[in-house]
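Each residue of the sequence shown is one higher than the last, beginning at 156 in this note's numbering. Even glycine gets a Cβ: it sits at the ideal position worked out from N, Cα and C. Just so it is clear, the structure is predicted and the values come from calculations on it, not from any experiment. Note sheet for the following structure.
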Amino acid sequence: MINIVKEVNTIHYLDIGQGEPVVLIHGLGSKKESWENQYELSSNYRLLIPDLRGHGESEEYDNISISVFAQDVISLLTSLGIEKAHFCGLSMGGLVVQEIYCQNNKIVQSMVLSNTFSYAPTCLGQLTVIKGARNLHSSTSDEYTTYTAEKCLYRKEPNLINAAKKMFLIKKIPYIASSFSAIKSNYLPILPFVRVPTLIVGGQYDEVNPLFSVLQTKWFMPQAELAILGNCGHLPILEKKHEYNKLLAQFFS
156 MINIVKEVNT
166 IHYLDIGQGE
176 PVVLIHGLGS
186 KKESWENQYE
196 LSSNYRLLIP
206 DLRGHGESEE
216 YDNISISVFA
226 QDVISLLTSL
236 GIEKAHFCGL
246 SMGGLVVQEI
256 YCQNNKIVQS
266 MVLSNTFSYA
276 PTCLGQLTVI
286 KGARNLHSST
296 SDEYTTYTAE
306 KCLYRKEPNL
316 INAAKKMFLI
326 KKIPYIASSF
336 SAIKSNYLPI
346 LPFVRVPTLI
356 VGGQYDEVNP
366 LFSVLQTKWF
376 MPQAELAILG
386 NCGHLPILEK
396 KHEYNKLLAQ
406 FFS
């Protein structure tokens, strides 16, 4: 059974299954339902899947930042009486997981940093965000969502593109604010000192977050496990859903 709960801070989330809590955090312009292919993990775990501020059903557009996203997730877990959880973040969600560790590492039982980075060179990041903002302003919502879905996939097949499009709900103002906050992130200094089990996941043909970024995180965190999914882009939760779910289940256990 899937329960959708609205908190006082207007953050919506899914609460599915029973067992050790696993928090799944979506990426930029995405929403909690993007993890639909991972619901099967609820047979062994309690899945908590929030809409980040300004994303999905959330209408809270103030104070959009990676830091505040993390505060919201920690606040949600506190309100549920959860003292420790596994965390899995995809893309921008991986930055949120790293920020959660910075803010309250005692709540982190383990981390999965999936198709994400820990630091982006400022000039390159700014150029990427500015280009994205221009494309967003000059496109219709459907055009930009289609563009995003195609860029996130290795296999650009019509059925996969349609499935990927359903994973996004792009709202211009929070999307751009989230982008600029993300490129300001730098978690490299903390990585060597992380003391919880960590799995780093990358896609062989990820156009959004190239393997260089994944390997950079791994280089600064030699104690972490690394999994590179072959013939996969930025959305292993869709393109490699069975392999991805098996990977998570094995890691969390």
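task: For H181, count neighbouring Cβ atoms within 10 angstroms of its own Cβ and tell me buried if that reaches 16, exposed if not.
output: buried
- request: Between the Cα of T271 and those of N386, G388, G357 and H397, spot the shortest distance and give me the residue it belongs to.
  value: G357
task: Return helix, strand or coil for L403, following the three-state DSSP convention.
output: helix
query: Under the rule that 16 or more other beta-carbon atoms within 10 Å means buried, what is F323, buried or exposed?
result: buried
query: What does DSSP give as the partner residues of E380 in its beta bridges?
result: L354
message: Looking only at its chain, what residues have a beta carbon closer than 7 Å to the beta carbon of L231, apart from the 5 residues adjacent to it on each side?
response: E162, I166, Y168 and P205
field: Residues of its chain near N364, where Cβ-Cβ distance is below 7 Å and the 5 sequence neighbours each way are ignored
entry: S246, N270, T271, F272 and H389
- prompt: Mapping DSSP to helix, strand and coil, what is Y309?
  reply: coil
field: Under the three-state DSSP convention, the category Y360 falls into
entry: coil
message: Buried or exposed, going by whether 16 or more other CB atoms sit within 10 Å of the CB of R350?
response: exposed
- prompt: Which residues in the same chain as V263 place their Cβ atom closer than 7 Å to its Cβ, once the five residues preceding and following it in sequence are excluded?
  reply: F242, I255, Y256 and V351
message: Among the candidates T303, Q173 and V267, whose CA atom is the shortest distance from the CA of L203?
response: Q173
message: Is the beta carbon of Y200 closer than 8 Å to that of V177?
response: yes
- prompt: Do A319 and L183 have their C-beta atoms closer together than 8 Å?
  reply: no
- request: Kindly identify the DSSP beta-bridge partner or partners of C243.
  value: L179 and V267
query: Out of curiosity, what's the CA-to-CA distance linking Y342 and M266?
result: 14 Å
- request: Consult DSSP for F323 and reduce its assignment to one of helix, strand or coil.
  value: strand
task: Evaluate Q193 with the Cβ neighbour count: other Cβ atoms within 10 Å of its Cβ, from every protein chain shown; 16 or more gives buried, anything less gives exposed.
output: buried
field: Residue interval of the alpha helix (DSSP H) (run including D227)
entry: I221 to S234
query: Is it the case that the Cβ atoms of I331 and S189 are separated by a distance below 8 Å?
result: no
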